[in-house]
Amino acid sequence: MCRAPDGMPTWIGTLFEHTVCNTMKYLVWGLVLLLVVLHQDIWNWGNDHLMFGFMPVTLAYHAGLSIAASIVWFMATKFAWPLDMDDESDAVSQAGEAEGAKS
Amino acid sequence: MSPGVIKISIIGVYLAALVFLGLFSSRLGRGTSKDYLLASHSIGPFLLLMSLFGTTMTGFALVGSTGEAFAEGVGVYAMLASSSGIIHSLCFFVLGVKLWSWGKKYGYTTQIGFFRDRLDSDKIGIVLFPILVGLVVPYLLVGIISAGKAIEGATRGDFPALTETGSIPPWLTELVICVVVLVYVFFGGMRGTAWANAFQTIVFMVLGVVAFYLIATGLAAKSVESGRAHEHRGNERVVRTDPPTGLMDSLQIVSQEIPRSRRVRAAVGVEDQIETVEAPAKFRTRERMDPWLFLTYMLIPFSVGMFPHLFQHWLTAKNANAFKLPVVAHPVFILIVWIPCVLIGVWATTGLIDIPPPIASDPNKVLGFMVKSLSGDVLGGFLLAGILAAIMSSLDSQFLCIGTMFTKDIVVHYAGEDRFSDRQVVMISRGFIVAVVAATFLLSLTTIAQTRVFQLGIWCFSGFSSLFPLALLSIYWRGLTKWGAYAGVLTAASVWFWLFSASEFGAIENWSVDLTLFGSTIHTMPVASMFLASTIATIVVSAVTPKPSAASINKFFPAKSTS
Chain Y
328 MCRAPDGMPT WIGTLFEHTV CNTMKYLVWG LVLLLVVLHQ DIWNWGNDHL MFGFMPVTLA
388 YHAGLSIAAS IVWFMATKFA WPLDMDDESD AVSQAGEAEG AKS
Chain C
2 MSPGVIKISI IGVYLAALVF LGLFSSRLGR GTSKDYLLAS HSIGPFLLLM SLFGTTMTGF
62 ALVGSTGEAF AEGVGVYAML ASSSGIIHSL CFFVLGVKLW SWGKKYGYTT QIGFFRDRLD
122 SDKIGIVLFP ILVGLVVPYL LVGIISAGKA IEGATRGDFP ALTETGSIPP WLTELVICVV
182 VLVYVFFGGM RGTAWANAFQ TIVFMVLGVV AFYLIATGLA AKSVESGRAH EHRGNERVVR
242 TDPPTGLMDS LQIVSQEIPR SRRVRAAVGV EDQIETVEAP AKFRTRERMD PWLFLTYMLI
302 PFSVGMFPHL FQHWLTAKNA NAFKLPVVAH PVFILIVWIP CVLIGVWATT GLIDIPPPIA
362 SDPNKVLGFM VKSLSGDVLG GFLLAGILAA IMSSLDSQFL CIGTMFTKDI VVHYAGEDRF
422 SDRQVVMISR GFIVAVVAAT FLLSLTTIAQ TRVFQLGIWC FSGFSSLFPL ALLSIYWRGL
482 TKWGAYAGVL TAASVWFWLF SASEFGAIEN WSVDLTLFGS TIHTMPVASM FLASTIATIV
542 VSAVTPKPSA ASINKFFPAK STS
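Those sequence lines, one after another, are chains Y and C.
With our numbering, the residue at position 17 of the first sequence is 344, and numbering never jumps.
With our numbering, the residue at position 126 of the second sequence is 127, and numbering never jumps.
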């Protein structure tokens, strides 16, 4: 989740969350879209070369895409993780624990 | 001890360990139905990652991908694996986390429970239940057939008294793994399933890497010994006589032969010199693939958004943060499993190894055959156990899920909470699971077993994908109505059945929906038509039918506090 660093004055923190966090969120979803576009690598389809002498280029390219996907999803958990989900998660967990204590 | 007995003993010990794990995890349970079905929402990030990944990677990913690469070339990875890395994590992120929070808040155990509540419609369960169970059956078939074929290919010649080919008959393997999975699911419930999944995922990932190493180095060494390996000296291609010097050298020896595949060309006989034959490019490239077909393949991984067994796994999470690790690691885990399988599949097309006609005509057996031919008996036994681990780690969740759906969504829902005791409910659930597994086992004995696992899987996943729009709209669109949902589900089911029958029930391989646009024909995957039709039906009918009640909307889309 994207939040202003601790110790920052409130107004700067609010500005940070409105600008940096929102920008990063759009960037992440833009990158997910880019992954989908890059997946359609028609420019590679006739390439017969072997990367590192053993890996067909088309396979190596898509292996790279899998690694890139992990990086983009890591960014998504940092910058696009829904803030309200954390709050909801805490509330739900507390409710569950209270229910458990009662029973 | 004969080679076959060694392998079977190792597999036997592995299966016994799984049963023990199921029994052991049942002792850790809290004895409640919530614990049995959802592990009391206690699963942390690591176990969630392993159980989600283990559940999504089935015989389709190992046996199917190797067989499909053997039949179609390296493009298989791009068609399904790299797209799954993007789309599966997307589904975990946009659907899984939200459904988990509602599931925990409102006490859902199954998808149908959620849809009934969200759409304020009891009858949606009656419509969805047969469709979901009907789609899970072919998914179970994919796993069961894969197991039977893999062991059949890997034990060829080891048991001459059993069958004509000396293999363990597929029905025997299929029966044994069904019984083992039933036992540990019955005893361990969801907690046992999660533990068994984690254990089996580690086993098949580690053994997969070991198998890749052994097959690459073994194939290179044998090729040099038999004078089939080549190297380039200047511009000349000569027979290589120096033995391979390590993994990298072995990989280069075997991979440079990929374009010289001879198996697919009827005109080329075994006696022909491999180097004189022009290569079919498709095994190392995607030269002849229709870009539209490739694009529409990307809709298939959306199926994870509607897998009922995955929904149940999402609900086991301890908190929302537990989803972060699966979201991030899933694409790389797919890479670790799929790349070796695809390379093994295309190496099998080269002239470096002779694939007997019974194996070549049934690509499902290729992985088992490669393991048998290129690893020792002891390691071969472990590798086969790894293949079974991947298959069983999906079957267990599916078994548990269909039992849960039947008891929760049908029996208890209509008979009432107090009609049956806890013990009776468990017995009914087990009875239904055994009936479905028995029906699936009987289907695996028919000619369906000759269908390529990959092709069967594609049809099954396409059906689930066509229901994805319903899942997405139910979470993010307050305008979705129960009539829209009915229209979407029935349209998806009708279009699926229509196209499946047009493909002669999967008998025509690589069947596509062909459209003519501006004078040229484009090929699309059947899933595209189903997905589009279902989306349009859901949205259009929702737009013209009465909206859900205000109470229902407020429950799922509460107004944001302005303070």
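The beta carbon of each residue, even a glycine, is placed where N, CA and C say it ideally should be.
Worksheet item: What is the rounded straight-line gap between the Cα of Ile152/C and the Cα of Ile146/C?
Response: To locate residue 152/C, count along the second sequence from 1; it is residue 151. To locate residue 146/C, count along the second sequence from 1; it is residue 145. Roughly 10 angstroms between the two C-alpha positions.
Worksheet item: What are the residues of the segment 360-376 of chain Y that lie near chain C, defined by any Cβ-Cβ distance shorter than 7 angstroms?
Response: Leu362, Val363, His366, Gln367, Ile369, Trp372, Gly373, Asn374, Asp375
Worksheet item: Whose C-beta lies closer than 8 angstroms to the C-beta of Ser214/C among residues of the same chain, with five residues either side of it excluded?
Response: Position 213 of the second sequence, counting from 1, holds the residue named residue 214/C. The question names Ser, but residue 214/C in the sequence shown is Tyr. Closer than 8 angstroms at Cβ, skipping near neighbours: Leu248.
Practice prompt. Please name the residue, chosen from Ala197/C, Met393/C, Val412/C, Phe462/C, that lies closest to Leu24/C on a Cα-to-Cα basis.
Written response: As a working note, residue 24/C is residue 23 in the second sequence. Looking at the Cα atoms, Ala197/C is the closest of the given residues.
Worksheet item: Under the rule that 16 or more other beta-carbon atoms within 10 Å means buried, what is Ala544/C, buried or exposed?
Response: The sequence position of residue 544/C within the second sequence is 543, counting from 1. Ala544/C should be labelled exposed.
Worksheet item: How is Thr56/C classed by DSSP in three states: helix, strand or coil?
Response: Translated into positions along the second sequence, residue 56/C becomes position 55. Helix.
Worksheet item: Cβ of Leu252/C within 8 angstroms of Cβ of Ile354/C?
Response: In the second sequence, counting from the first residue as 1, residue 252/C sits at position 251. In the second sequence, counting from the first residue as 1, residue 354/C sits at position 353. Their beta carbons are not under 8 angstroms apart, which means Leu252/C does not touch Ile354/C by this criterion.
Discussion item. Beta-carbon within less than 6 angstroms of Ser430/C's beta-carbon, same chain only, minus the 5 sequence neighbours each way: which residues are those?
Written reply: Position 429 of the second sequence, counted from the first residue, corresponds to residue 430/C. Excluding positions up to five away in sequence, the list reads Gly404, Thr408.
Worksheet item: According to the neighbour-count rule (16 or more other Cβ atoms, all chains shown, within 10 Å of its Cβ), is Val77/C buried or exposed?
Response: By 1-based counting over the second sequence, the position of residue 77/C is 76. Buried, because 16 or more other Cβ atoms sit within 10 Å of the Cβ of Val77/C.
Worksheet item: According to a CB-to-CB cut-off of less than 7 angstroms, which residues of the segment 336-362 of chain C neighbour chain Y?
Response: Leu336, Ile340, Val343
Worksheet item: Under 8 angstroms between the Cβ atoms of Lys548/C and Gly489/C?
Response: Within the second sequence, numbered from 1, the residue matching residue 548/C stands at position 547. Within the second sequence, numbered from 1, the residue matching residue 489/C stands at position 488. Cβ distance not < 8 angstroms, so Lys548/C and Gly489/C don't count as in contact.
Worksheet item: Gly193/C: which of Thr166/C, Leu133/C, Ser43/C, Val225/C sits nearest, CA to CA?
Response: Walking along the second sequence from the start, residue 193/C turns up at place 192. Considering only alpha carbons, the answer is Ser43/C.
Worksheet entry | Contact the segment 152-161 of chain C vs the segment 360-380 of chain C: 3+ CB pairs below 8 angstroms | yes
Discussion item. Measuring straight from C-alpha to C-alpha, what distance separates Met382/Y and Pro302/C?
Written reply: Looking up residue 382/Y in the first sequence gives position 55. Looking up residue 302/C in the second sequence gives position 301. For Met382/Y and Pro302/C, the distance between alpha carbons rounds to 25 angstroms.
Discussion item. Distance cutoff 8 angstroms, beta carbons only. Does Gly357/Y sit that close to anything in chain C?
Written reply: For this step, residue 357/Y is matched to residue 30 along the first sequence. Cβ-Cβ to chain C under 8 angstroms: no for Gly357/Y.
Worksheet item: What do you reckon, is the C-beta of Val20/C under 7 angstroms from a heavy atom of the ligand FMN?
Response: No copy of the ligand FMN appears in this structure; indeed no ligand is present at all.
Worksheet item: Would you call Val239/C buried or exposed, if buried means 16 or more other Cβ atoms sit within 10 Å of its Cβ?
Response: Counting from one through the second sequence, the residue named residue 239/C turns up at place 238. Per the 10 Å Cβ criterion, exposed.
Worksheet entry | Short CB-CB distance (under 8 angstroms) between Phe295/C and chain Y | To locate residue 295/C, count along the second sequence from 1; it is residue 294. Phe295/C counts as touching chain Y.
Item to complete: Find the nearest neighbour of Val338/C within the set Val435/C, Val438/C, Val210/C, Ser463/C, judged by alpha-carbon distance.
Response: Along the second sequence, one-based indexing puts residue 338/C at 337. When only C-alpha atoms are compared, the closest one is Val210/C.
Practice prompt. In the DSSP assignment, find the unbroken alpha helix (DSSP H) run with Asp397/C in it and report its ends.
Written response: Position 396 of the second sequence holds residue 397/C. Here the alpha helix (DSSP H) through Asp397/C covers 378-406.
Worksheet entry | Residues of its chain near Val122/C, where Cβ-Cβ distance is below 6 angstroms and the 5 sequence neighbours each way are ignored | Against the second sequence, residue 122/C aligns to sequence position 121. The question names Val, but residue 122/C is Ser in the sequence shown. The answer, listed in chain order, is Lys483.
Practice prompt. Taking C-beta pairs closer than 9 angstroms, name the residues in chain Y that Pro292/C reaches, listed in chain order.
Written response: Position 291 of the second sequence, counting from 1, holds the residue named residue 292/C. Within 9 angstroms Cβ-Cβ: Gln367, Ile369, Trp372.
Worksheet item: Is there a Cβ from chain Y that is less than 8 angstroms from the Cβ of Phe187/C?
Response: In the second sequence, the residue the question calls residue 187/C occupies position 186. Judged by the 8 angstroms Cβ criterion, Phe187/C is not in contact with chain Y.
Worksheet item: Candidates Ala407/Y, Ala403/Y, Ala395/Y: which alpha carbon is nearest Phe584/C's?
Response: Chain C is shown only over 2 to 564; residue 584/C falls outside these bounds and no answer can be derived.
Worksheet item: Does Ile339/Y come within less than 8 angstroms of chain C when only Cβ atoms are used?
Response: Residue mapping note: residue 339/Y aligns to position 12 of the first sequence, counting from 1. No, Ile339/Y does not count as interfacial toward chain C.
Worksheet entry | Segment limits, beta strand (DSSP E) that includes Glu237/C | The sequence position of residue 237/C within the second sequence is 236, counting from 1. Glu237/C -> beta strand (DSSP E) spans 237-240.
Worksheet entry | C-beta atoms of Ser362/C and Gln201/C nearer than 8 angstroms | Looking up residue 362/C in the second sequence gives position 361. Looking up residue 201/C in the second sequence gives position 200. Going by C-beta atoms, Ser362/C is not nearer than 8 angstroms to Gln201/C.
Practice prompt. Output yes if chain B places a C-beta closer than 8 angstroms to the C-beta of Gly432/C; else output no.
Written response: Reference to chain B is not applicable here, since the protein chains of this structure are Y and C.
Worksheet item: What runs of the alpha helix (DSSP H), each 4 residues or longer, lie entirely inside the segment 93-132 of chain C?
Response: 98-107, 112-120
Worksheet item: Just by C-beta distance, which residues in the segment 54-88 of chain C are closer than 8 angstroms to chain Y?
Response: Val75, Gly76, Tyr78, Ala79, Ala82, Ser83, Ser84, Gly86, Ile87
Item to complete: On the DSSP bridge assignment, give the partners of Leu516/C in chain order.
Response: What you label residue 516/C is simply residue 515 of the second sequence in a count that begins at 1. Answer is Ile523/C, bridged to Leu516/C.
Worksheet item: Do Leu468/C and Ala493/C have their CB atoms nearer than 8 angstroms?
Response: Locating residue 468/C in the second sequence gives position 467, counting from the first residue. Locating residue 493/C in the second sequence gives position 492, counting from the first residue. Taking 8 angstroms as the Cβ cut-off, Leu468/C and Ala493/C qualify as a contacting pair.
Discussion item. So Leu473/C contacts chain Y; which residues on that side make the cut at Cβ distance below 8 angstroms?
Written reply: As a first step, residue 473/C is located in the second sequence; it is residue number 472 there, counting from the start. Ordered by position in chain Y, no residue passes the 8 angstroms Cβ test against Leu473/C, which lies about 15 angstroms from the chain.
Fill in: Where Pro409/Y sits in the DSSP three-state scheme
Counted from its first residue, the first sequence places residue 409/Y at position 82. DSSP places Pro409/Y in coil when its eight states are reduced to three.
Discussion item. Which same chain residues end up closer than 8 angstroms to Val426/C when comparing Cβ atoms and leaving out the 5 residues on each side of it in sequence?
Written reply: Residue 426/C sits at position 425 when you count from the first residue of the second sequence. Ser34, Thr408, Val412, Val413.
Worksheet item: Assuming Ala538/C contacts Val343/C under a Cβ cut-off of 8 angstroms, what Cβ separation, rounded to an integer in Å, is found between them?
Response: Sequence index remark: in the second sequence, residue 538/C carries index 537 (1-based). Sequence index remark: in the second sequence, residue 343/C carries index 342 (1-based). Incorrect: roughly 37 angstroms between the Cβ atoms, too far for contact.
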